[in-house]
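Read the structure below first, then the notes.
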Amino acid sequence: MNYKALLESQEKPYRVFPKVTHYKNSITNERYFSNYLSYHVMPTIEELKKDLAYLTEEQKDYPSQFAFIFFAKNAPLPESIETYLADEAFDLENHLIFTNKITNLKLSPQKQEHIRIEALSDDLLPSYLAYKYEANLEYGESYAQQMLADNKANLMKSESRIYLAIDGDQIVGDITAWECGDFIEMDDFSVLSHYRGQGIGSALQRRASKDFEQIILITEEENRLMYQHQGYQEVAYYWTALQSNRKR
10 MNYKALLESQ
20 EKPYRVFPKV
30 THYKNSITNE
40 RYFSNYLSYH
50 VMPTIEELKK
60 DLAYLTEEQK
70 DYPSQFAFIF
80 FAKNAPLPES
90 IETYLADEAF
100 DLENHLIFTN
110 KITNLKLSPQ
120 KQEHIRIEAL
130 SDDLLPSYLA
140 YKYEANLEYG
150 ESYAQQMLAD
160 NKANLMKSES
170 RIYLAIDGDQ
180 IVGDITAWEC
190 GDFIEMDDFS
200 VLSHYRGQGI
210 GSALQRRASK
220 DFEQIILITE
230 EENRLMYQHQ
240 GYQEVAYYWT
250 ALQSNRKR
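All residue numbers for the sequence shown refer to our numbering, where the first residue is 10 and numbers rise by one.
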């Protein structure tokens with residue numbers, strides 16, 4: 010199974026070429042994961058340079074200058090491409106695709122019973138918008154404002170399912186879930202730092218995966234041991250490269 014293609018099936022392509030697909034959203038033009046090139050096969054160094062020039066032209070009117078590349082699944086980076094990207098100040102990151110049946114996972118019990126898990130609703134939307142805005146400020150005011158406007162317009166119309174961990178009237182964690190074939194994809198998963206280690210993340214995963222047999226998710230290399238400890242199995246990987254004039 011092409012797990013990378015399965016996960017990208019949630020996105021609408023802007024253009025599809027023989028070796029690469031271009032995803033573009035000029036409304037959220039500050040969001041890297043809405044504007045990128047995704048290779049089906051590993052390009053040559055000449056093809057990569059040509060595609061980067063194309064991407065620069067496509068994004069010339071964007072407020073921030075960046076280039077984001079997804080390379081083909083399970084494909085090691087050729088030394089020539091890795092050297093070129095390093096010379097051009099790209100940050101390289103290995104993304105891991107994990108999956109398993111829900112029944113095989115070892116999710117921690119929730120230690121704080123007063124923290125409740127609720128689906129996003131119209132009543133909770135204002136608090137959630139504020140929560141996400143504060144989190145997105147890490148990537149700059151312009152990005153946070155743009156995502157706030159997009160969330161206001163589209164969150165309640167989205168096909169995704171959003172679940173919140175709430176302590177009293179404070180949101181302390183969230184997870185977004187997408188139906189992805191026979192899987193439920195876990196996306197945009199977070200718990201406030203001082204609430205971690207209490208089983209809240211596991212509680213969010215359990216609620217989001219209800220009525221599904223298998224989970225699929227993408228994470229960075231630094232999270233490998235955590236997800237392996239929970240029972241997830243790596244099924245694929247792909248490299249990404251990001252060049253940006255603002256911090257991620």
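Beta carbons are placed, not taken as given, at the ideal position from N, Cα and C, and that holds for glycine.
Residue i classed as buried or exposed, judged by whether at least 16 other C-beta atoms fall within 10 angstroms
i: F99; result: buried
i: E168; result: exposed
i: G210; result: buried
i: K21; result: exposed
i: Q4; result: Given that the chain is displayed from residue 10 to residue 257, the structure contains no residue 4 and the question cannot be resolved.
i: Q237; result: exposed
i: K115; result: exposed
i: E194; result: buried
i: Q242; result: exposed
i: S18; result: exposed
i: S89; result: exposed
i: V181; result: buried
i: Q179; result: exposed
i: K161; result: exposed
i: N145; result: buried
i: A14; result: exposed
i: A62; result: exposed
i: I106; result: buried
Minimum C-alpha distance to residue i - residue among the options
i: L157; options: P135, E188, Y172; result: P135
i: P52; options: N113, H104, Y93, L173; result: Y93
i: E67; options: P85, A144, V50, Y45; result: Y45
i: T108; options: Q223, L251, E231, M235; result: Q223
i: I124; options: V25, D183, N11; result: D183
i: K33; options: N11, A245, F75, I54; result: F75
i: R170; options: W187, Y148, N163, L201; result: W187
i: I111; options: E231, L226, E230; result: L226
i: K28; options: N113, G190, I78; result: I78
i: E231; options: A14, L86, E102; result: E102
i: D70; options: S47, T37, Q154; result: T37
Backbone secondary structure at residue i - three-state DSSP
i: Q273; result: Only positions 10 to 257 of the chain appear in the structure, and residue 273 is not among them; the question remains open.
i: A62; result: helix
i: T37; result: coil
i: I124; result: coil
i: T53; result: coil
i: E20; result: coil
i: R257; result: With a pLDDT of only 46 at R257, under the threshold of 50, the placement of this residue in the model should not be trusted; the figure read from the coordinates follows. Three-state DSSP puts R257 in coil, outside helix and strand.
i: L15; result: helix
Residues that DSSP places opposite residue i in a beta bridge
i: A245; result: I106
i: L251; result: F77, D100
i: Y32; result: Y45
i: E229; result: H104
i: I224; result: N109, I193
Query raised in the report: Residue ranges of each beta strand (DSSP E) run of no fewer than 3 residues wholly in the stretch 65–105, ordered along the chain?
Result: Along the length of the stretch 65–105, whole beta strand (DSSP E) runs at least 3 residues long occupy 75–79, reported in chain order.
Requested in this report: With a floor of 3 residues, list each beta strand (DSSP E) that falls wholly inside the stretch 134–222, ordered by position along the chain.
Outcome: You should have 170–176, 179–189, 192–200.
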